[in-house]
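Input: a single structure, listed below in structure tokens.
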């Protein structure tokens, strides 16, 4: 599908003229006024280019362009003005609200040239954004692999949680589902600030002193502060900060934030993390959903609805998931271990349920060359 253009005017005959002259050359829709334009962008988008008249009743062109700039920043904005409006249009250009402005009446050929330039600008912006997101995601995935090597118990299930959280986010039309995968990888990063004795107690669920509990309660805050050191991850940091906050306002952090005021990403991550943990504990997704149903005050009902839509009957028992034997040479990135990987000397190299990344394979290769690994190695048939 090509880049779509939305034309906005308060006169229907003008919109019909646009359609008559341009529909064969461009993929376009029309909206009668600013409010209808915003509705279409919300429900029928994305639109790569928006072309609007300046003078319209209710919401004028400047107001519409400012709103679009805030809510749909990637959309390239073009304005049509009369001669008397040129000073206003120039001010809009200087504020960065529009890409081009054209004076009415505007010939179809001149408008076509501007539309082609706007489409090219949109493609450049979206390509740069995609490249940045892929680069950022790749760097965080590599960091996640390294963290899982240092602390397999804490990071072993991060990819499972991230995969599920991303799927829930897409089901709920979350704008940046990749953030869920990144947040799931980084949500435990604050654990590495704990003294080893406190970390061991935290992981085992053992009794802790008041000071130790206070240290553990600050893990999300510390993790969020560390993540904010990475450019473009402020929103992920906020998701991590509220990842242990219950929908009814209990949990961490202790503040007045509850319900829909909790970031959607945090609500998704909370439910996905608990679901994956319960499936591992109980061995059955149906039981996991039942357990979560007994404490519904903790979860956003919309998130639970999306989770049930993805898993209407719950995941099958983990014990029944088909497995297969592979040799070390047949291992590849993305496979999930169905059993621990150990050396011939019974030293555990990787725990069960690790999703293999390049660093895991390199670690196994080193142990294989040095002391040898027990084979065959068991992996799940369905990969991750």
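In my numbering, the protein residues as written are 15 to 398. Cβ atoms here follow ideal geometry from the backbone N, Cα and C, with glycine treated the same way.
- What separation, rounded to the nearest whole angstrom, lies between the Cα atoms of residue 26 and residue 46? If I take the Cα positions, the gap works out to 7 Å.
- Between the CA atoms of residue 32 and residue 183 - distance to the nearest angstrom: Approximately 37 Å, taken between the alpha carbons.
- Message: Within 10 Å of its beta-carbon, does residue 174 have 16 or more other beta-carbons around it, so buried, or fewer, so exposed?
- Response: Classification for residue 174: buried.
- Query: CB-CB under 8 Å to residue 135, same chain, minus the five flanking residues each way: which ones, in chain order?
  - Reply: Same-chain partners within the cutoff: 90 and 113.
- Let me know if residue 40 comes out buried or exposed under the rule of 16 or more other beta-carbons within 10 Å of its beta-carbon. By the neighbour-count rule (16 or more Cβ atoms within 10 Å), residue 40 is buried.
- Does the distance from the CB of residue 373 to the CB of residue 163 come in under 9 Å? The answer is yes: Cβ separation under 9 Å.
- Task: In angstroms with no decimal places, state the Cα-to-Cα distance between residue 21 and residue 137.
- Result: Their Cα atoms are separated by approximately 19 Å.
- Determine the burial state of residue 180: buried for a count of at least 16 other Cβ atoms within 10 Å of its Cβ, exposed for fewer. With 16 or more other CB atoms across the displayed protein chains lying within 10 angstroms of its CB, residue 180 is buried.
- Task: Mind reading off the beta-carbon distance from residue 393 to residue 352? Whole number of angstroms is fine, and I expect it under 8 Å.
- Result: With a Cβ gap of about 6 Å, residue 393 and residue 352 count as contacting.
- Message: Can you look up residue 11 in the DSSP assignment and give me helix, strand or coil?
- Response: There is no way to answer for residue 11, as the model of the chain reaches only from 15 to 398.
- Item | C-alpha gap between residue 14 and residue 156, whole angstroms | Residue 14 cannot be examined here, being either before or after the span of the chain that is shown, 15 to 398.
- Item | Beta-carbon contacts of residue 133 that lie in its chain and below 7 Å, excluding the five residues immediately before and after | Excluding sequence neighbours, residue 133 sits near 17, 62 and 63.
- Query: What whole-angstrom Cβ distance do residue 277 and residue 253 have, given they're in contact under 8 Å?
  - Reply: For residue 277 against residue 253, the beta-carbon gap comes to about 6 Å, under 8 Å, which counts as contact.
- Message: Quick check: what's the CA-CA separation for residue 349 versus residue 230?
- Response: In a straight line, the C-alpha of residue 349 is about 32 Å away from that of residue 230.
- Query: Between residue 55 and residue 24, is the Cβ-Cβ spacing less than 9 Å?
  - Reply: No. Outside cutoff.
- Alpha carbon of residue 152 to alpha carbon of residue 145, nearest angstrom: Rounded to whole angstroms, residue 152 to residue 145 spans 10 Å at the Cα level.
- Message: Between which residues of its own chain and residue 245 is the CB-CB distance below 6 Å, once the five residues before and five after are set aside?
- Response: Excluding positions up to five away in sequence, the list is empty.
- Message: Here's the rule I'm using: 16 or more other beta-carbon atoms within 10 Å means buried, otherwise exposed. How should residue 256 be labelled?
- Response: Residue 256 should be labelled buried.
- Query: For residue 60, which of 67, 68, 51 and 66 has the nearest alpha-carbon?
  - Reply: Here the closest residue by C-alpha is 51.
- Closer than 8 Å: is that where the CB of residue 210 sits relative to any heavy atom of the ligand GDP? Of the ligands one can find in the structure shown there are none, so the ligand GDP has no counterpart to examine.
- Message: Assuming contact is defined by CB atoms lying nearer than 9 Å, are residue 314 and residue 273 in contact in what I supplied?
- Response: Yes.
- Query: Going straight from the alpha carbon of residue 358 to that of residue 369, what length do you get?
  - Reply: Cα to Cα, residue 358 sits roughly 22 Å from residue 369.
- Between residue 220 and residue 251, what straight-line distance do the alpha-carbon atoms span, to the nearest angstrom? Cα to Cα, the separation comes out at about 28 Å.
- Query: residue 42 and residue 67: beta carbons closer than 9 Å?
  - Reply: No, Cβ-Cβ distance for residue 42 and residue 67 is not below 9 Å.
- Query: Can residue 154 and residue 287 be called in contact, C-beta distance under 9 Å?
  - Reply: Going by C-beta atoms, residue 154 is not nearer than 9 Å to residue 287.
- Query: With 16 as the cutoff for other CB atoms within 10 Å, does residue 378 come out buried or exposed?
  - Reply: Label assigned to residue 378: buried.
- Around the C-beta of residue 5, are 16 or more other C-beta atoms found within 10 angstroms, so that it is buried, or is it exposed? Outside the shown range of the chain (15 to 398) lies residue 5, about which nothing can therefore be said.
- Could you check which residue in 235, 260 and 258 has the C-alpha nearest to that of residue 248? When each option's Cα is compared against that of residue 248, the closest is 235.
- Start-end ranges of the alpha helix (DSSP H) lying completely within the region 45-129, minimum 4 residues: If we require 4 residues or more, the alpha helix (DSSP H) runs fully inside the region 45-129 come out as 48-58, 75-85 and 100-108.
- Message: Whole angstroms are fine: how far does the CA of residue 74 sit from the CA of residue 57?
- Response: Taken atom to atom, the span from the alpha-carbon of residue 57 to that of residue 74 is near 21 Å.
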